[in-house]
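In what follows, a single structure is set out as structure tokens and then discussed.
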Amino acid sequence: MQIEVFFKEIILNILETITSSFDHKWMVIQALTRVCADAQSIVDIYVNYDCNLSSENILGRLVTDLSKIAQGGGQILDSNFINSSQERSMRLSGLECLVSILKCMVEWSNDLYTNPHQQNCLNEKSNPTIGNDLNETSSLHNLDDNPEKFEEAKNQKNIIDKGTDLFNVNPMKGIKLLQHHEIIDSTAKSIAQFFHSNDRLDKSQMGEYMGDFNTFNKEVMYAYVDQMDFSGKDIVSALRFFLDGFRLPGEAQKIDRFMEKFASRYFETNCNHCIFTSADTVYVLAYSIIMLTTDLHSPQVKRKMTKEDYIKLNRGINESKDLPEEYLSQIYNEIAESEIKTRGVFMKKKSGKDVTSEKARRLLYNMEMETMASTAKALMESVSHVESPFTSAKHLEHVRPMFRTTWTSFLAAFSVGLQDCDDQRIASQCLNGIRCAIRIACIFQMTLERDAFVQALSRFTLLNANCPITEIKTKNIDTIKTLISVANTDGNYLGKSWLDILRCISQLELAQLIGTGVKSQMLNNNNLQINPNGNGFSFQFKLESFVPLESLARNKDKESKISESMIEASSQSVVVAVDRIFTGSIHLDGNAIVDFVKALCQVSSEELSNPSSPRMFSLQKIVEISYYNMVRIRLQWSRIWEILGEHFNKVGCNPNEEIAFFAIDSLRQLSMKFIEKGELSNFRFQKDFLRPFEHIMKYNSSIAIRDMVVRCVAQMVNSQASNIKSGWKNIFSVFRIAALETDLYIFDLSFQTTCNIFNNIYENNFTSMIDSFQDAIKCLSEFGCNQQFPDTNMEAIRLIRACARYVAEQPKYFKEFNLDEKNSGYLASEDDRVWVRGWLPILFELSCIVNTCSLDVRTRALTVMFEMIKSHGSSFRENWWSDLFKIIFRIFDASKFPGSAVDRAEWMQTTCDHAIYSIVDVFIQFFDVIGSFLLKDVYSQLFWCVQQDNERLACSGVNCFENLVLSCGIKFNQVTWTMTIELIERIHEIAKPKQLFCNEQQKHSLNDDELKEVEIKFQVQLDLIQAIDNIVFNPSFSRNEDAALLQYLEREYKIIDDRCNQREEIIENGESSVAIELDHQNGIDIDRRSSRDSLFQSSFLKNNLDSYQNVENNSVSANTEIFFNHSPNGMFIRMNTDVLIRLAKFLIKVFNSSNRIYLEKTKSKLLADKLTLLSAQEIKSLLCSVRIMFYIYNDDQRQNYWNQIESDLIRFANLLDTH
């Protein structure tokens, strides 16, 4: 406690009193110099006083006062009464004290510091908690030294101080702040207790707050008074004690409430041994005492109250009785000797301006010293017997809150010292202080504080300021050296502060260049030389200017001044120290090197952002540190390259080709070095490293730059193929982008290198290139699709075909786990990986070639694709087939068709026609595997073909349908046959010439295109009927029967013709009755006989029905034997009878539709040249339907349907008679 009194009342009082003499302050400073040099004393002062809620912030006040002294300017030192030499000495001593305090903090926490040049780059940053643990072990004997406890107390104290300061300005806001931080609660009792315990509260504000008319404020006042104990005190002592805590407000009503409460509390605590009969007596007497004080001690009162007057004034106040005169006389005498003083705002120390002479200053200071001495003596005596706990600090963590509390004062002192004073010693002390402050902030990871001091240091270098270099002085050069030293010693802790440091280094290099006499014109040009063939670092270039500095190098006078001012900054020691920052980056820990690289990349971007005079100093340093740090563990290197790679992406796309060339060549050399290290399987470091090549190739529009990228990648392939692993993905991506080029040289070099990979490298390195297989196929696909260079298309397809061999022969490599699948969120099963990573890319890219290339190329691609499927389809799984057919069906996607009608027609007649036949061939070959789930999709695609207005493709669709059913029909079930019949019906419906069923007005308006469409639909329907016939009975069987039928028809027609001739002769001879009789005998209806065709139809069906009716009696006529002398072939015997009957009825429907069109004369004239097709369609549908029903009727195994067939045939025959 005595130490606190000594510092508070003497040491700090002398420092803060502006009227104190220089000698007194100097003696105090000298004493403090020894105290500030002892680390234990400094930490103990902070722990025991600044962290004690009931003590003064001694260390905080001490640092603040020393900071003001160090800043000078009359804040504490009165410049009117000291000379400049004294002020300099005082400032220097103040700075020495501040630096000593900081050095003590550094010394105290030194165990937590790690020098980056004394550690291995593989080690991570030392964790302060490790040091804490070690230190805690050494301080177990002192259980009270808990830094968390002290820091919590300090934080609480800071809140209280903040709330107090706010209360002194605005009581309501101060109370709310304290309540928000739970220092006090919302009760009146808590607030009253806080008023009693805090001496720093403004007594006037307290009086105003408690005297407010608000109910709660009144409760606070009552609680405040109730917490006072007046027992055993006379009324004057009690009143003095009461008024010592606050200042009475000026309003009479508020004063009245205070006095009423005081009287009540005093009477309550002294009621048993008191001469007062009630609290009213105390109230009146207390008021009279205050009036007496004012009367006796106020200079404004001329006539003073006498003792008799005072006694007379208080007659009858004790319940109409008088108080003893001796008692009132004693009160009068005590007040006359010592007035009752009410406390107000803290007394402000007088400034030097208030003192007009040295004599007055000394007089005032002597009075203050007397007061100071008496107060200190009294306090010393009062605390001499008090024993308070004292903690001897041991823990390292105490420094953190110490520095956080005082850092702003340190920063202010050092900043003012560097800015306002050119004295070398003062500047040196400021720089030492800043360096120590940065070390402390770094050790304890105090980001805000660290950044503030580093920014201050960089600001005082003047390198980033818009000022001439001629203004740079020795102190600025020393600041530069200090900044470089900080970078070399505290690099592990600098974090984002690296940005300020590297900016200064960048500008320092430029200033050095200007200082060496480089001509201004050299500063505006990029004289860059690149060795594209070398593997070493052969970077030679001239550095450019920063705009504010460039203007300085204009005449010889200024150049000479620049050289003089920068001679020290260009010294060998500075150059070596700067280089050490970059070469020593290898010693930075994993987190620090990431911060360092981020900052360096940002500075490089800023240098390159100037379009007129970009600089590449930092870009060169990026290349250097990349080379140095490549030996780091891969985990750290990946984090570094994530930043560097992004920067190379931007620089490689810089519009300035020289900069981009430099970046690409640097990237090439680094890549060569990195690839030489090799890579284990399942790692992706090479892929990440080479990604900038891909980015630059994609986004840089310069042909020269893209050519450079291709050259670099080709060189890597030729020289490092055996070491490349995951990097193949980027290489193929670069060549894939190059495959889109129109420049011959870029395209040719890329394709030659790609061919070299597949012809000479791929087979021996296939296992290491398996992860890039998809990228390789995509690359070949792009080469195959570039129509600018047709000679390479076929070769690319050949190489894709060769890749299929690897998938077929070595599927086990494709089954291995792929990290890319995990990253994409898709994990295929082991077997499916062969498809996803092998077959699918090949077949998909071939389909892309088919969809985009010219006829000969796409035909070749289509042929190769289906050859692969037929050769290797036996190993495909069901889900693979589903994906495969989705790929194949893309060929028919209408959105892929070329725009013109001619091109679209060519596409359908060639590619689509080829594809549909190949699809059906594949489907037939693998029907057992895929028929159950892909038949519907194939039928849909066939139906799509039939819908098209291209005759060849439509007819091909029907033919393919016929081939499919003929080949696979023996494996169809009832559901499949039903699906097949439905497809037939849909085809017929879509192939109807709807133009012929329109209204009469449109019948004569068909144009040539519509007539062509009608012809196509007639042909499709005819092919469909023929396909049905071939499916049911086989083509050879139908042909034989048709030949026999023709012979039979010829004989029947001859008989009918003879009868008609005979009848005409009889009629010509006038024997009509004989003709009619003959007609009845021959079964000819005159009314319905319109032609020989009708005679033929009637005779043909009736004769055959008669033959059918005699089958049961085994009386088959010779005519019938023509049709039933052998069993039918085809699908007839395998098809369900219901299906056959449905087909027959469908064909009869087709016949009726065709016959109706044929008989309409208007349409017949319109379709005069189409009648052949229509007639053939009519006849074929008739013959096929009749044949189906006849064979059902002749099949013993289908006897259940004979009656139905017989009735259907008779109905059909009658229908024919009606035509």
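Numbered according to my numbering, the sequence shown spans residues 260 to 1478.
In this text, a Cβ means the ideal position worked out from N, Cα and C, and glycines have one as well.
This structure is a prediction, so every number in the text was calculated from the model and none was measured.
{"Query": "For K580, the residue or residues it bridges with in DSSP", "Result": "N577"}
{"Query": "Beta-carbon contacts of I1229 that lie in its chain and below 8 Å, excluding the five residues immediately before and after", "Result": "M1390 and R1393"}
{"Query": "Endpoints, the alpha helix (DSSP H) within which F535 is located", "Result": "Careful: F535 lies outside any alpha helix (DSSP H) and carries neither H nor E."}
{"Query": "Three-state secondary structure assigned by DSSP to A980", "Result": "coil"}
{"Query": "Residue nearest to T667 in terms of C-alpha spacing, selected from L707, F703 and I1059", "Result": "L707"}
{"Query": "Three-state secondary structure (DSSP) of M465", "Result": "helix"}
{"Query": "Inside the stretch 1266–1317 only - alpha helix (DSSP H) runs reaching at least 4 residues", "Result": "1267–1292"}
{"Query": "Rounded C-alpha distance that separates F876 from Q771", "Result": "12 Å"}
{"Query": "Close Cβ partners of V1116 (< 6 Å) along its chain, the five nearest in sequence each way excluded", "Result": "N1052"}
{"Query": "Proximity of L949 and G911 at Cβ, strictly below 8 Å", "Result": "no"}
{"Query": "Run of the alpha helix (DSSP H) containing S992, from where it starts to where it stops", "Result": "W987 to A997"}
{"Query": "Exposure label - T446; buried when at least 16 CB within 10 Å", "Result": "exposed"}
{"Query": "Test item: CB-CB of G331 and T665 under 8 Å", "Result": "no"}
{"Query": "Spatial neighbours of M480 in its chain, beta-carbon cut-off 6 Å, leaving aside the 5 residues before and after", "Result": "M469"}
{"Query": "Member of Q486, S344 and F907 whose CA lies at the smallest distance from the CA of I955", "Result": "F907"}
{"Query": "6 Å Cβ shell around S449 - same chain, five flanking residues per side excluded", "Result": "I443"}
{"Query": "Under 8 Å between C-beta atoms of F1410 and S1440", "Result": "yes"}
{"Query": "Buried versus exposed, by CB contacts within 10 Å (16 or more), T323", "Result": "buried"}
{"Query": "Cβ contact check for the stretch 1085–1095 and the stretch 1103–1121: 3 or more pairs under 8 Å", "Result": "no"}
{"Query": "The stretch 872–892 / the stretch 909–924 touching (three or more Cβ pairs under 8 Å)", "Result": "yes"}
{"Query": "Segment contact flag, the stretch 1063–1078 with the stretch 992–1008, C-beta cutoff 8 Å, min 3 pairs", "Result": "no"}
{"Query": "Beta-carbon proximity check, K432 vs C310, cutoff 8 Å", "Result": "no"}
{"Query": "Whole-angstrom distance between L655 and P387, CA atom to CA atom", "Result": "Caution is warranted here: a pLDDT of 41 is assigned to P387, below 50, making its placement in the model unreliable, and no coordinate value can be reported."}
{"Query": "As assigned by DSSP and simplified to three states, the class of V1205", "Result": "helix"}
{"Query": "Buried versus exposed call for C971 [16 or more other C-beta atoms within 10 Å across all chains shown]", "Result": "buried"}
{"Query": "DSSP three-state assignment for C310, whether helix, strand or coil", "Result": "coil"}
{"Query": "Host alpha helix (DSSP H) of N1110 (start-end)", "Result": "L1099 to T1111"}
{"Query": "Y1065 (DSSP reduced to helix, strand or coil)", "Result": "helix"}
{"Query": "G1389 at chain D interface by Cβ criterion, 8 Å", "Result": "The chain inventory of the structure shown lacks chain D, comprising one protein chain alone."}
{"Query": "Contact belief for A451 with I494 at Cβ below 8 Å, rounded distance in angstroms", "Result": "Wrong, their Cβ atoms sit about 22 Å apart, outside the cutoff."}
{"Query": "N-terminal and C-terminal residue of the alpha helix (DSSP H) that G1216 is part of", "Result": "E1210 to C1227"}
{"Query": "Stretch-stretch touch, CB-based, cutoff 8 Å, three pairs: the stretch 1034–1051 with the stretch 984–998", "Result": "yes"}
{"Query": "Status (buried if at least 16 other CB within 10 Å, exposed otherwise) for S1366", "Result": "In this prediction, S1366 has a pLDDT of 39, which is less than 50 and means its spatial position is unreliable; what the coordinates show is noted afterwards. It counts as buried."}
{"Query": "Cα-Cα separation between D1467 and D1316, rounded to whole angstroms", "Result": "29 Å"}
{"Query": "Limits of the unbroken alpha helix (DSSP H) element including N1138", "Result": "E1137 to F1148"}
{"Query": "Start-to-end residues for the alpha helix (DSSP H) that takes in S1177", "Result": "D1172 to Q1184"}
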